[in-house]
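Those protein sequence lines, which keep their order, are chains G and S.
Counting with my numbering, you get residues 6 to 334 for the letters of the first sequence.
Counting with my numbering, you get residues 53 to 271 for the letters of the second sequence.
In this text, a Cβ means the ideal position worked out from N, Cα and C, and glycines have one as well.
Nothing here was measured: the structure is a model prediction, and the numbers come from that model.
Have a look at the structure below, then the notes.
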Amino acid sequence: MSTTEPLDRGSEALAEPWDDLEAAPLGADRPRVATAIVPKSSIAGSSLIAVIAIMTFLSGLTAGAVSMVVSAAGDWRSDVGQEVTIQVRPANGRDLDADARQAADIARAAAGIADVRVYTKQESARLVEPWLGSGLALDELPIPRMIVVRLRSGAAPDFAALRQALAAQVPSATLDDHRRWIDRMRAMAGAAVATGIGILLLVLAVTVLSVTFATRGTMATNRPIVEVLHYVGATDAFVASQFQRHFLILGFKGGLIGGGAAIVLFGIIQAMNAWVAGTPGADEAEALFGSFSLGAVGYLAILAEIVLMALVTALASRLTVNRTLERVD
Amino acid sequence: MIVFENVGLRYGLGTEVLRDLTFRIDGHSFQFLTGPSGAGKTSLLRLLFLSLRPTRGLITMFNEDTATLSKDGRATLRRRIGIVFQDFRLLDHMTTYENVALPLRVLGRDEATYRAEVVELLRWVGLGERIDAFPPILSGGEKQRAAIARAVIARPQLLLADEPTGNVDPVLGQRLLRLFIELNKSGTSVVIATHDIALMDEYDARRLVLHEGRLHVYD
């Protein structure tokens with residue numbers, strides 16, 4: 006006898022115990038929509054959706070902010086990495102203008118250089134004006150001369166050779182390739198990414214804990230259903246799947262609400278940024294923080310977080326259900 | 053089909069509620085399990101249904117030593133056993149049809165493949181008009197019949213019923229007994245736990261009598 010073979014009581018010998026009560030059922034042959042075995046109403050869904058939405062929103066903001074910082078740092082590094090500066094200091098017995106010209110000639114002769122520009126006395130004065138004030142008699146002050154050397158795109162000039170040539174021919178000149186500044190920018194971008202990952206991990210931990218508590222509550226509420234499922238021969242995997250389905254949907258709903266809100270917020274900030282573009286404040290902010298636009302990577306990161314939240318929710322609920330079922334026989 | 057050898061059961065550190073049970077349940081057999089309240093009928097049913105493990109002795113079901121079964125193995129074995137609880141254990145948020153079809157749904161069968169089967173069984177137990185009704189609005193007798201239908205829909209080889217006539221009037225009790233006899237005729241072994249002597253007198257069958265934790269078999 007198989008447990009799955011169709012019911013066959015077709016023997017003539019079998020009486021109908023309720024034949025006198027028999028009546029044709031209404032719509033007996035129509036398909037029936039299967040009711041969820043674990044009722045949706047038994048799960049504290051709206052509270053959990055709210056928690057997941059808030060967590061996704063926070064992680065979305067973090068991902069967006071990190072993405073903007075990394076992008077801005079990349080822009081700064083790229084800008085700064087495109088040029089080097091030569092500083093020619095005044096020295097006793099030397100002609101500062103001649104030294105500047107000679108240093109510029111040495112730079113022009115080096116490979117991979119696109120353009121060399123010597124700052125004039127007036128331009129040099131403007132550079133120190135914020136600190137020393139205007140109207141200075143520049144001849145009385147030992148103000149160094151700056152030479153801006155723009156590099157050819159993609160070129161990798163031999164800075165060691167250039168530095169050596171300058172030291173030999175213009176001892177008062179020093180070459181600054183901005184390496185320290187670039188290293189500092191790289192470290193700052195790395196710190197921003199690490200902070201973002203840390204916040205994301207914390208958010209995930211809070212989500213897992215919230216889902217675990219919610220699942221335990223749901224399991225306790227639905228214990229009679231779990232028992233009946235066991236009595237009719239359901240495996241733990243089947244029981245767990247009934248709960249996991251609900252939590253996966255809750256995770257997606259919460260993730261979509263929170264992630265969607267983060268995307269909308271970034272969209273509004275971007276629109277406002279475009280609206281105030283050109284004003285002095287906006288220009289300064291853009292110079293400092295880069296553009297307030299969230300690139301494709303930022304939007305993709307937020308979308309990935311929505312999926313991540315749903316999966317984490319489903320996984321946390323499944324683990325909790327499995328652990329609970331191990332104690333139920 | 054089912055063999056108990058020197059089976060004992062105790063809860064925690066208490067005294068044994070079941071002692072030295074040695075008996076067998078054959079295929080196609082019909083038996084009443086009886087004894088005074090507190091004699092251990094429900095505990096024995098739970099052992100038969102694999103929801104309790106014995107503290108000693110050996111239980112072999114369908115040629116499998118139950119002590120060595122994994123949890124999934126026990127679930128698979130339970131599909132060959134149907135159980136009717138005294139308190140029905142129907143799921144209130146599902147219709148009568150869905151409650152009865154639950155074991156088939158658990159087996160992963162598509163609704164279209166078992167629809168006619170479930171409807172036919174519901175008609176057979178006299179619930180043809182109550183297909184879409186929810187358990188809270190069913191009478192005690194209707195709930196009992198729905199619980200029986202759920203227990204037999206997957207064609208179990210063994211049907212266990214715990215006080216199936218405990219909550220119904222004598223006429224309905226006789227009808228339910230008739231139902232169990234018909235199921236037994238169709239090949240299912242039946243064990244009915246009851247202390248209703250009038251019910252047992254209705255049908256000449258083997259009696260398993262529990263008294264002070266020990267089992268006496270009257271063939």
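Comparing alpha carbon positions, the residue from 202(G), 154(G), 242(G) closest to residue 110(G) is 154(G). Rounded to the nearest angstrom, the gap between the Cα atoms of residue 238(G) and residue 72(G) is 51 Å. Among the bridge pairs identified by DSSP, residue 73(G) is matched with none. The Cβ-Cβ distance between residue 171(G) and residue 96(G) does not fall below 8 Å. With contact defined as three or more Cβ pairs closer than 8 Å, the segment 60 to 67 of chain G and the segment 254 to 271 of chain G are in contact. Taking residue 257(G) as the centre and dropping the five residues before and after it, the same chain places the C-beta of 315 closer than 7 Å to its C-beta, in chain order. Fewer than three beta-carbon pairs drawn from the segment 172 to 183 of chain S and the segment 137 to 144 of chain S are found closer than 8 Å, and the two stretches are therefore not classed as touching. Secondary-structure assignment with DSSP links residue 181(S) through no beta bridge to anything.
Under the Cβ distance rule, residue 216(S) does not count among the residues neighbouring chain G, no pair being separated by less than 8 Å.
Assigned with DSSP and collapsed to three states, residue 241(G) falls in helix.
A residue is called buried once 16 or more other Cβ atoms fall within 10 Å of its Cβ, and residue 310(G) is buried on that count.
Counting only Cβ-Cβ distances below 7 Å, residue 234(G) has contacts in chain S at 158, in chain order. Between residue 260(G) and chain S, the shortest Cβ-Cβ separation is not below 8 Å. Distances from the alpha-carbon of residue 173(S) to those of 207(S), 82(S), 145(S), 222(S) put 207(S) closest. Between residue 265(S) and residue 55(S), the C-beta spacing is not below 8 Å. Residue 101(S) sits away from residue 131(S), with the two beta carbons spaced by 8 Å or more. Listed in chain order, the positions of the segment 110 to 127 of chain S with a beta carbon within less than 9 Å of a beta carbon of chain G are 123, 124, 126, 127.
The C-beta of residue 263(S) has fewer than 16 other C-beta atoms within 10 Å across all chains shown, which makes the residue exposed.
When C-alpha distances from residue 45(G) are compared across 255(G), 325(G), 305(G), 331(G), the shortest belongs to 255(G). For residue 58(G), no Cβ of chain S is located within less than 8 Å of the residue's own Cβ. With at least 16 other beta carbons inside 10 angstroms of its own, residue 236(S) counts as buried. DSSP places residue 312(G) within a helical segment (H, G or I) once states are collapsed to three. Just so you know, the alpha carbons of residue 242(G) and residue 105(S) end up roughly 22 Å apart. Between residue 145(S) and chain G, the shortest Cβ-Cβ separation is below 8 Å. Listed in chain order, the non-local C-beta contacts of residue 193(S) below 6 Å within the same chain comprise 220, 224, local neighbours out to five positions each way being set aside.
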